[in-house]
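Comments concern the structure below.
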Amino acid sequence: MDDLLTVEQLNIGFNQTQVIKDMNFGVKKGQLTSFLGPSGSGKTTVLRAIAGLNKHIKGHIRLAGHDITSLPPNQRNIGMIFQSYALFPNLTVADNVAYGLRVQRRPKAEIIKRVDHMLELTDMMAKKDAYPDELSGGQKQRVALARSMVLEPQLLLLDEPLSALDAKIRVELRDQIRRFQQELGITMIFVTHDQAEAMAISDDILIMNDGKIQQQGSATDIYERPRNLFIAKFIGNNNILDGTTLRSLGCVVNEQRQYVIRPELFTFDNSQQVSLAQDNRHSANAEVISIPGVVESASLLGDRLEFTFATTSGPRLKVKQLNTREHPEVAAHVNVLLRRDAVTPLVEA
Amino acid sequence: MDDLLTVEQLNIGFNQTQVIKDMNFGVKKGQLTSFLGPSGSGKTTVLRAIAGLNKHIKGHIRLAGHDITSLPPNQRNIGMIFQSYALFPNLTVADNVAYGLRVQRRPKAEIIKRVDHMLELTDMMAKKDAYPDELSGGQKQRVALARSMVLEPQLLLLDEPLSALDAKIRVELRDQIRRFQQELGITMIFVTHDQAEAMAISDDILIMNDGKIQQQGSATDIYERPRNLFIAKFIGNNNILDGTTLRSLGCVVNEQRQYVIRPELFTFDNSQQVSLAQDNRHSANAEVISIPGVVESASLLGDRLEFTFATTSGPRLKVKQLNTREHPEVAAHVNVLLRRDAVTPLVEA
Amino acid sequence: MTTERKWSVGILTMIAGLLLLPILATLIYSFATNWVKTILPASWTLKWYGQLVTNSDFLTATINSLIVGAAAVVVAMVIFLPVIFYINVFDERLKAKVRYLMVMPYAVPGIVLVTGLVQIYGNLPIPKLIFLILIITALSFPAFYQSLDNVFMSRDFRGMFEQARMLGERPVSAFVHVILPNIKTGVFVAMLLTFTTGFSEYVITNIFLNGDYETFKIYMYRLMKANGNANSVLTVCYFGLLILVAIILMKLSGKDVKAGK
Amino acid sequence: MTTERKWSVGILTMIAGLLLLPILATLIYSFATNWVKTILPASWTLKWYGQLVTNSDFLTATINSLIVGAAAVVVAMVIFLPVIFYINVFDERLKAKVRYLMVMPYAVPGIVLVTGLVQIYGNLPIPKLIFLILIITALSFPAFYQSLDNVFMSRDFRGMFEQARMLGERPVSAFVHVILPNIKTGVFVAMLLTFTTGFSEYVITNIFLNGDYETFKIYMYRLMKANGNANSVLTVCYFGLLILVAIILMKLSGKDVKAGK
């Protein structure tokens, strides 16, 4: 087991309200793990407990085998990045980055060398002597990253580090954080409420809701095999259908269960295969089923088109296709093709 | 010409700064036209001029043939929706909706009938007697819509109506607004800075930047044939390449010009066609060119995957594919296929 | 409870205690027949209250103060309210300049004004009371402005006003139907503050009007030198008025503002 | 310029004029040898200034006021600053309760306090000056709190403090190295307000200390009855001090806050 951090039986409550309930999980060394959940799900509370900034906790937090549950934050060797950047406005960029090394009373030469290295890495060398208020949001967060990474913490916690940034910068910085993490081999915990962000950069995702872990796994795991309804809804624009409805479309499934079908796994049948697919329809075990219906609306999402497809047997399906040149018109009567293995059951009710 | 609204030689300036420069455009009756642009591009300024809320303008604004340039806002028969909802907090939902009819001193029975109809349409009947502060953001904006639509204005202006809402509600309400617009045949001008939003619901888009119109056209027009670099960058994650670079990839293009290639128009060549495509490569007029290289990174965007593809001849390309089960691994050496007609030249430099 | 919390609560309690204890003493004193060397008075009485209420000087002084307070409110409502609405909703540039007026009552207290007032307005053939009211209103402008400023920032009043215009209203009707009902507690707070400033004024009234117009505060100072018990009764009355106003202010201030969040 | 704008500018100018004209008159009067029936004085002199500066009563009164002001600042810095930091950064619940203290100087002005003060603290064997300073400090708590409250809301000081902890600092060092340097103008403003409250106090000093401790303000009232020209000199000096403080406040207040935006 190569978990760097293990959290056991974590319980956190303020004023009789239990915010975190019996949480257990591990974070693997050298990986980027995301805590993903809606606001109020408890992800930041858990992060602050790991940092040592929350004193009212029960349970055990172990870092590299040592129990750090009752250590003060300045003795944990953990770094943290705040959504507000939390730069020290009275210090220059270089002095901000040097701050932690100065607290450790490192030799001057070493401080200069390590700070310069970090400034190069985060591409902030040109702004070395600037003050935080002169920087853009993205630059501020890069300085905050440099300031934490220069101390080479065993674990770096990032608390919604990109939430205050514009969409474009958010994507750029997200990719940079992932690159730092991989190049320097830092173990990171990344808190976010944005599922696209979490999926784009994580090795491992921990979905939280209501103070509990809902699912832990890779982006692909979670996206392709959501455990329950909450995750299916939170993760994306899934088609969520019950067994009865699916049977009416020609799928052989358990009527008691619920299923998800990702909208991008449908394809429009615009070929001579129509008749072939039609034939397959009633042979229950066929690889591909073909569902007749009419295109109700199409909406351009830039690189994709999202269709609402009204099936002849009733339910509406969401279908997504790349915005290439071939796609059916609104009101066209077509079939959509669905591979049997694209129908994924939810594990929990 | 079926333009309901025409704007001619519009110039707006405050304190020696020219905010809007010589603007000319028309808005078609019964359509939804979006003003799209970054903040500070002047889109709200133009909207407020049309509403009559900006007095310092030069030029002519004509509505249904009448020059309304110097009419006060209460005599224009134009409705407006604000980002802040601007509901009257001292009045109930029903009284908010009835407000304009009461100003017109309509008979009581007529007011009740028309208000009830609007509340049904916007699905706010259940909250008829609630006060605005008891409503969610999405409900507030629906009331604001009802309040404006009940007066049957010739033109309805919407000033970033969805910006204050959560992502999920934003999409729902966007689709509702489009539905109202189509069902009631209202001419709407919709101001937004969100290109996805504009593309999803507009018949016609007017892209503004720096007080000027950059391009006017349908979503497809603009997305597939951006006129200039600003639009290409603003509209999406285009690959923007100059002629020289494209030639090195095997395209026959004008070396002096710039081109865009939408990332979703590439396909990975994972078939036996590799050799065939390779052959085609040097026959300059082939329908499809095949570009060899290596997959540098893949990032999961939920329903899509975004790849960075390093071509053998140098430039990096962005490639987007649906998140289906077949796609190359990171570090795989593959070819991408590009249809010749997917390479779109920019009209302006 | 952490140590830091204990310390903070302790200090805040001390501050409150330091101020409330004397008031408690005054309250007791006002009911005491005689109170010199004991911890609590020997016996209790309502005599001092009875004496005061039936005293014609007290009634005149109270009425005089009420007149000044009420007049200041009327002037402020007629002159300040429209200006503040206009500045807040339509004129960002002017609003930025108003902050220079905000420091005036701080930089120009009554005692600084009064010498010059006598000099300039002392000999004009206009009743001095009118100048007094104008000056007091001017001095209360910042408080009046501030109570409404917070309210105006709490909602998009500009949007509401403009929306009323788009729905067919003319400007004045839009203000009356849409703005006024939604700033009414703010207006009330502003009125209350102006009233108390007028009611409590001492220095200018005393010196500029040469003691000819005895207000509540002037009567209070006079009594302070004369009769300890009667003075404490007056103090209790005054404190009662202030605390009533303060409680109303505390309940109301931020009500429009909170509702707007 | 629109009509609304003209009106607004006119009214704001009137308010300023009403207050500034008397001050101008006082200023002229302080330089006048004799000024009764003319529009401007007949001749000018610096005599009154010379007389005042060399007057030992003036010097004593000024020094006495400086002592009260300075002492109030010291007490406030030592006691209030840590509490306000703690409340603002760590204790939302306590912060919500502090607003009850905010109305105190409004509900409890000196004149209400003073009767009770004499009653309670008058006979204790502790110098009355110490009580005076404590009471003044307590009364200036709201102003002190408010000047810092805005500053604390302008940046994420909690994040900065916690970040310093994560970077290896112990709590006190984190406060000294990271918080203090970034609230220094706010602290200065708070100090200035407390100082002026102490320097300008009149009612409590006069009655509680029985006139034994003559401060600037008490001297000013005494002179008002005696000598018109000398009084106007004193008023000009006092106004000069206040306007200086006001200008500093106007320049500084919001400086930390603005920088934080």
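Chains as they are written, first to last, in the working numbering: chain C, 4 to 352; chain B, 4 to 352; chain V, 5 to 265; chain R, 5 to 265. No residue lacks a Cβ here, since even glycine has one placed at the ideal position from N, Cα and C. These numbers were taken from a predicted model, which means no experiment stands behind them.
Note down the Cα distance separating B:Val22 from B:Ile64, rounded to an integer number of angstroms. 17 Å
When the cut-off is 9 Å and only beta carbons count, does C:Gly140 lie next to chain R? It does not; no Cβ of chain R falls within 9 Å.
Within 10 angstroms of the Cβ of V:Leu44, are there 16 or more other Cβ atoms? Answer buried if so, exposed if not. Flag for V:Leu44 reads exposed.
If C:Val263 sits next to C:Asn231, beta carbons under 8 Å apart, how far is it from one beta carbon to the other, in whole angstroms? Taking the Cβ atoms as the reference, C:Val263 lies roughly 10 Å from C:Asn231, outside the contact range of under 8 Å.
Excluding the five sequence neighbours on either side, which residues of its own chain have a C-beta within less than 8 Å of the C-beta of V:Ala76, listed in chain order? Ile137, Ile140, Thr141, Ser144, Thr198, Phe199, Thr201, Gly202
Using DSSP's beta-bridge definition, name the partner residues of V:Met170. Bridge partners of V:Met170: none, in fact.
Give me the DSSP bridge partner(s) of C:Ser37. C:Phe193, C:Ile208
Taking 8 Å as the line, does the beta carbon of C:Ile180 fall inside it for any heavy atom of the ligand SAM? With respect to the ligand SAM, the structure offers nothing, as it holds no ligand at all.
Can you pull out the residues from the segment 131–154 of chain R whose beta carbon lies closer than 8 Å to at least one beta carbon of chain C? none
Which class does V:Ala267 belong to by DSSP, given the choice of helix, strand or coil? The structure shown does not extend to residue 267 of chain V, since chain V spans only 5 to 265, so no value can be given for it.
Which class does V:Tyr33 belong to by DSSP, given the choice of helix, strand or coil? helix
For the segment 196–206 of chain C and the segment 300–307 of chain B, state whether three or more C-beta atom pairs, one from each stretch, are separated by less than 8 Å. yes
Between B:Thr195, B:His69, B:Leu154, which has its C-alpha nearest B:Gly43's C-alpha? The closest CA to that of B:Gly43, considering only B:Thr195, B:His69, B:Leu154, is found on B:Thr195.
Any beta carbon from chain B within less than 9 Å of C:Asn326's own beta carbon? yes
Between which two residues does the alpha helix (DSSP H) harbouring C:Thr47 extend? Counting along the chain, the alpha helix (DSSP H) containing C:Thr47 begins and ends at 46–54.
Would V:Asp95 count as contacting chain B if we go by Cβ distances under 9 Å? no
B:Ile114 versus V:Gly73: straight-line alpha-carbon distance, rounded: 46 Å
Taking Cβ-Cβ distances below 9 Å as the criterion, which residues of the segment 207–241 of chain B are in contact with chain C? Ala222, Thr223, Tyr226, Glu227, Ile238, Gly239, Asn240
Looking at the strands, I want to know which residues DSSP matches up with C:Pro348. C:Tyr262
Neighbour flag for V:Gly321 against chain B, beta carbons, 9 Å: There is no way to answer for residue 321 of chain V, as the model of chain V reaches only from 5 to 265.
Name the chain B residues whose beta carbon is nearer than 7 Å to that of V:Arg169? Pro76, Asn77
Please decide whether V:Gly172 counts as near chain B, where near means a Cβ-Cβ distance under 9 Å. yes
In whole angstroms, give me the CA-to-CA distance for R:Val57 and R:Asn214. Going from the Cα of R:Val57 to the Cα of R:Asn214 covers about 26 Å.
When you compare only the Cα positions, how much space is there between V:Pro175 and B:Pro75? 10 Å
When DSSP builds the beta bridges, which residues end up paired with B:Gln324? B:Leu308
DSSP state of C:Asp245, grouped into three classes? strand
Whose C-alpha, out of R:Phe192, R:Arg162, R:Met195, R:Trp11, is nearest the C-alpha of R:Val182? Looking at the Cα atoms, R:Arg162 is the closest of the given residues.
I'd like to check one pair, C:Thr347 with C:Glu227: are the Cβ atoms closer than 9 Å? yes
Listed by chain order, chain B residues near C:Leu303 by CB distance under 8 Å: Met202, Ala203, Ala222, Thr223, Tyr226
Examine the Cβ distances between the segment 211–219 of chain B and the segment 168–185 of chain B and report whether three or more of them are shorter than 8 Å. Not touching, per the Cβ criterion.
Is the segment 215–226 of chain V close to the segment 82–96 of chain V, with three or more CB pairs under 8 Å? The segment 215–226 of chain V and the segment 82–96 of chain V do not touch, with fewer than 3 CB-CB distances between them shorter than 8 Å.
Spatial neighbours of R:Met106 within its chain, please: CB distance less than 6 Å, with the 5 preceding and 5 following residues excluded, ordered by chain position. Pro146
Check whether the Cβ atoms of V:Trp48 and V:Ala36 lie closer than 9 Å to each other. Against a cut-off of 9 Å, the Cβ pair of V:Ala36 and V:Trp48 comes out as a contact.
Going by CA-CA distance only, name the one from V:Thr66, V:Phe62, V:Lys10, V:Phe84 that's closest to R:Leu16. V:Phe84
So, at 8 Å on beta carbons, what are the nonlocal neighbours of V:Lys99 in its own chain, with the 5 sequence-adjacent residues on each side left out? Counting only Cβ-Cβ distances below 8 Å, and skipping sequence neighbours, we find Ile91, Asn92.
So for R:Phe179, helix, strand or coil by DSSP? helix
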